[in-house]
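These notes are about the structure you will find just below.
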Amino acid sequence: MDATIVILDGDGIGPEVTAEAKKILAAVAERFGHNFVFNHQLIGGCAIDQFGVSLPEKTVEAAEDADAALLGAVGGPKWDAPSSPDRPERGVLELRKTLDLFANLRPVKLHPQLVSASTIKEETLVGVDLLVVRELTGGVYFGPRKEADDDFEAYDTMLYTRPEIERVVRLAAESALGRRRRLTSVDKANVLASSRLWRSVATDALADYPQLDVDHILVDAMAMHLIRRPADFDVIVAGNLFGDILTDEASMLAGSMGMLPSASLGDMRNRHSLPLGLYEPIHGSAPDIAGQGIANPLAAILSNAMLLRHSLGLEKEAAAIEAAVDAVLEEGVRTPDIKQKGAETVSTEVMGNLVVEMLKSNPDNQDVERAQ
Ligand code: IPM
Ligand code: MG
């Protein structure tokens, strides 16, 4: 298959993890006989430095013309001044909005090898397999706002419309049908008007899915339940802000933020008639460890698996990446964030190389067959 993939390194550890992720894609192309063309573009702080804007027009055009895009992370203290007219994060938000990527799929799976990397008790973690569907182009991230220009008053507005809620809830419901058929919708309907609309629209839409076991839970309670009984949940659908917060929390179930991939999808189709998606690890640019070569590239690498699956329809290849990651973890290879007591850790690059080797050394696809 021919595919064009836009690579958006971004800032901080972004370029470090995308470099490894790109190696994996190249290895997949070689092993399975595909032709992937990589188109590097700027976004975030590095784009501000070079072009004065966090989302250059060229980047948008490249993403629109591509089959999928892979993003590292954006942001850093260099661009944090409250007075700056543009911010790295705006680039990502704008790109999601421009491509209308309204659904952000964030699977939270505990790799059994990492049970001890989590701060949570093993007995609580058994069976954790979640898919958080975060609404990505609406809510308080995009509603009318006022900056504190007077250094006194500022506001953001949590605004949702019926169609915005309905499409993401339906997408979550469809996902749940292919999983354990449980759907939890998260809101703050006891306080927020936008949440009362969310709950009412979700209730209406989910009436079409009698096969699902549906729950509506307030976000504060959900934050607690996620830690108390995470294995009880299957698909969780939430607005932009709640989904953002809950997935950072949920990443601790998987041992590290460095393990969680994501796919942002909408109605746009690529030339393979599949969703044009933006794939990114859920972690940020981690300026504190940037440049040290110790970031965990597995979230970016696993984002590639989602890219192959959702935007290119390459299920076997996606499963091969996931199997290679599993096999490397099985061998005890760890970056510092998922370190085990007494065990040695490897660099970002070594982790990437080992996943590549694992992919290559498995020509008969054994792990893949097992994973399917
Ligand atoms: C994420 C990040 C972003 C978000 C930031 C970088 C804008 O936290 O993808 O979760 O809030 O969506
Ligand atoms: Mg976040």
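Just so we're aligned, residue 16 is where the sequence shown starts under our numbering, counting upward by one.
Beta carbons are placed, not taken as given, at the ideal position from N, Cα and C, and that holds for glycine.
All values reported here derive from a predicted model rather than from experimental measurement.
Exposure of residue i, with buried meaning 16 or more beta-carbon neighbours within 10 Å
i      : result
GLN128 : buried
HIS55  : exposed
ASN50  : exposed
GLY347 : exposed
GLN387 : Reliability fails at GLN387, whose pLDDT of 42 lies under 50, so the model's placement of it is uncertain and no value is given.
PHE167 : exposed
SER210 : buried
GLY154 : buried
Backbone CA spacing between residue i and residue j [nearest angstrom]
i      : j      : result
ASN319 : GLY367 : 13 Å
PRO276 : ALA314 : 5 Å
ILE297 : VAL148 : 13 Å
LEU374 : GLU76  : 32 Å
MET274 : THR218 : 33 Å
GLY106 : GLY29  : 14 Å
ASP228 : PRO245 : 16 Å
ASP249 : GLN226 : 14 Å
ALA18  : ALA334 : 18 Å
VAL52  : GLU137 : 42 Å
LEU419 : LYS38  : The first residue shown for the chain is 16 and the last is 387, placing residue 419 beyond what the model contains.
ALA62  : SER69  : 5 Å
LEU192 : GLY67  : 45 Å
ASN377 : ALA81  : 30 Å
LEU198 : ALA187 : 8 Å
Chain-order list of residues whose beta-carbon lies under 6 Å from that of residue i (same chain, five-residue window excluded)
i      : result
PHE257 : VAL201, VAL234
ASP115 : GLY281
VAL365 : none
ALA278 : LEU120, GLY292, TYR294, MET321, HIS325
ARG195 : ASP249
THR262 : ARG121, VAL147, ILE297
Proximity test, residue i beta-carbon vs the ligand IPM heavy atom, cut-off 7 Å
i      : result
GLY273 : no
LEU129 : no
LEU108 : yes
GLY90  : yes
ASP259 : yes
GLU359 : no
GLU104 : yes
Where residue i falls: helix, strand or coil (DSSP)
i      : result
GLU346 : coil
GLN307 : coil
GLN387 : Because GLN387 sits at a pLDDT of 42, beneath the cut-off of 50, its placement in the model cannot be relied upon, and the point is left open.
SER271 : coil
GLU168 : coil
VAL89  : coil
ASP115 : coil
LEU151 : coil
ALA301 : coil
GLY254 : coil
THR19  : strand
GLN65  : helix
Residues near residue i in its chain [Cβ-Cβ closer than 8 Å; skip 5 each side]
i      : result
GLY91  : ASP26, GLY27, GLY60, PRO103, SER300, PRO302, ALA305
LEU207 : MET173
Proximity test, residue i beta-carbon vs the ligand MG heavy atom, cut-off 7 Å
i      : result
ASN297 : At residue 297 the sequence reads Ile, which differs from the Asn that was named. Correct: ILE297 has its Cβ closer than 7 Å to the ligand MG.
ASP26  : no
ASP394 : Within the shown structure, residues of the chain are numbered from 16 to 387, placing residue 394 beyond reach of any answer.
ASP263 : yes
Cβ neighbours of residue i in the same chain (closer than 7 Å, five flanking residues each side left out)
i      : result
THR33  : ILE22, ASP24, LEU85, GLY87, ALA315
ARG185 : ALA220
ALA265 : VAL123, LEU145, VAL147, LEU241
THR134 : MET267
LYS93  : GLY60
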